[in-house]
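**Student:** Just dropping this structure here.
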Amino acid sequence: MYQAASPRQPTLLFIAIAALIYLPLIESLLPGLFAAYWVDPSFMAKVKPMALMIKLIVVFFGFWKLEQFRRQFSDFIRGHWLVSFLIKLSFLVGIIQLVLLSLGLFMNLVFGAPANEQSQFKRYEDYAIWVQTVDPGAMGKAYHRVWMQCDLPLWRYRLAPIQTLDWMGEYEVSLDEHILKISSRFDEIRLDLSKVPGCPSA
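Under the working numbering, think of the first position of the sequence shown as 1, with each following residue one higher.
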């Protein structure tokens, strides 16, 4: 059985376990993946389920270790109300994250995968376009968001919104000079990309 040799040892152990619980939380609160959007939207859509799975495993391991060493920590925290509070808070944060990450992974696999298959990323000579399909299923109406990708250093990017469109079913995307055409069996949308602000590199 694990025996704490000194006050320093359980402190370092708790810090390591807390990192497993809180670092995934910090990453989840930041935009994109590690506070950035990488490569292009189609790449981000593919890595999102894997990122959720990795965070779920890390948090579960941290929660399991926190439970495993709870008795050793209880001997150490006598008289340390702040440490006792942090341990209880870590249990609560761990449980909440396990629930939310599991739900997020389920929702992404069930609803996100079909929508991602219906989304299209097109890179042209002067423009990179992301037509995102958003399908909330029975909870709402499906629609499309049209974005322009603005490339940044280190394989990063940001998105400049162009327009939100009603659901078009199957569609095709093409570009005629600076006119973006989104065509379906029922309609054709024309968008003038030269009037889109916020992406001077395009």
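Where is the CB? At the ideal position from N, CA and C, for every residue including glycine.
Who are the near neighbours of Y171 in its chain, counting only those whose CB is closer than 7 Å to its CB and skipping five residues on each side?
**Tutor:** Cβ neighbours of Y171 beyond the five flanking positions: I182, S183 and S184.
**Student:** Using only the alpha-carbon positions, how far apart do L159 and D151 sit?
**Tutor:** Near 9 Å, if we compare the C-alpha coordinates of D151 and L159.
**Student:** Across the stretch 121-137 and the stretch 90-106, are there enough close Cβ pairs to call them in contact, namely three or more that are closer than 8 Å?
**Tutor:** Contact fails: fewer than three Cβ-Cβ distances are below 8 Å.
**Student:** Three-state secondary structure (DSSP) at F121?
**Tutor:** Three-state result, F121: strand.
**Student:** Quick one: measure Cβ to Cβ for A142 and V134, integer angstroms, because I've assumed they're closer than 8 Å.
**Tutor:** So it is a contact: roughly 7 Å between Cβ atoms.
**Student:** Given that a residue counts as buried once 16 or more other Cβ atoms are within 10 Å of its Cβ, and exposed if not, what is I162?
**Tutor:** Under this definition I162 is a buried residue.
**Student:** At 4 residues or longer, what runs of the alpha helix (DSSP H) sit wholly inside the stretch 33-106?
**Tutor:** DSSP runs (the alpha helix (DSSP H)) wholly in the stretch 33-106: 41-68 and 70-76.
**Student:** From F73 to W81, what distance separates their C-alpha atoms?
**Tutor:** If I take the Cα positions, the gap works out to 12 Å.
**Student:** Grab the span of the beta strand (DSSP E) containing E172 for me, first residue to last.
**Tutor:** Looking at the DSSP string, the run of the beta strand (DSSP E) that includes E172 is E172 to D176.
**Student:** How many angstroms separate the CA atom of F186 from the CA atom of T164?
**Tutor:** If you take the alpha carbons of F186 and T164, they lie about 17 Å apart.
**Student:** Which same chain residues, not among the five before or five after M168, have their C-beta less than 6 Å away from its C-beta?
**Tutor:** If we look at M168 and ignore the five residues flanking it on each side, its Cβ neighbours are S184.
**Student:** In whole angstroms, give me the CA-to-CA distance for P19 and W38.
**Tutor:** Residue identity check: residue 19 is Ala in the sequence provided, not Pro. Taking the straight line joining both Cα atoms gives about 24 Å.
**Student:** From Y2 to L66, what distance separates their C-alpha atoms?
**Tutor:** Here the model assigns Y2 a pLDDT of 45, short of 50, so the residue's position is not dependable, and the following value carries that caveat. Cα to Cα, Y2 sits roughly 13 Å from L66.
**Student:** Report yes if the CB atom of L29 is closer than 8 Å to the CB atom of L105, and no otherwise.
**Tutor:** Cβ distance not < 8 Å, so L29 and L105 don't count as in contact.
**Student:** Over what stretch of residues does the beta strand (DSSP E) that includes M148 continue unbroken?
**Tutor:** Counting along the chain, the beta strand (DSSP E) containing M148 begins and ends at Y143 to L152.
**Student:** When burial is assigned at 16 or more other CB atoms within 10 Å of the CB, is V47 buried or exposed?
**Tutor:** Label assigned to V47: exposed.
**Student:** Are the beta-carbon atoms belonging to G94 and V58 less than 8 Å from one another?
**Tutor:** In this structure, V58 does not lie closer than 8 Å to G94 by Cβ.
**Student:** Within 10 angstroms of its Cβ, does Q149 collect 16 or more other Cβ (buried), or is it exposed?
**Tutor:** Buried, because 16 or more other Cβ atoms sit within 10 Å of the Cβ of Q149.
**Student:** Near G32, what residues of its chain come up, given a Cβ to Cβ distance below 8 Å and the 5 sequence neighbours on each side ignored?
**Tutor:** Contacts found: W38 and M44.
**Student:** On the criterion of 16 or more Cβ atoms from any shown chain inside 10 Å, does V196 qualify as buried, or is it exposed?
**Tutor:** Buried, because 16 or more other Cβ atoms sit within 10 Å of the Cβ of V196.
**Student:** Note down, in chain order, each residue of its chain lying with its Cβ closer than 7 Å to the Cβ of S90, except the 5 sequence neighbours on either side.
**Tutor:** The residues are A18, I21 and L66.
**Student:** Output the distance between the C-alpha atoms of Y127 and M53, rounded to the nearest integer angstrom.
**Tutor:** Rounded to whole angstroms, Y127 to M53 spans 33 Å at the Cα level.
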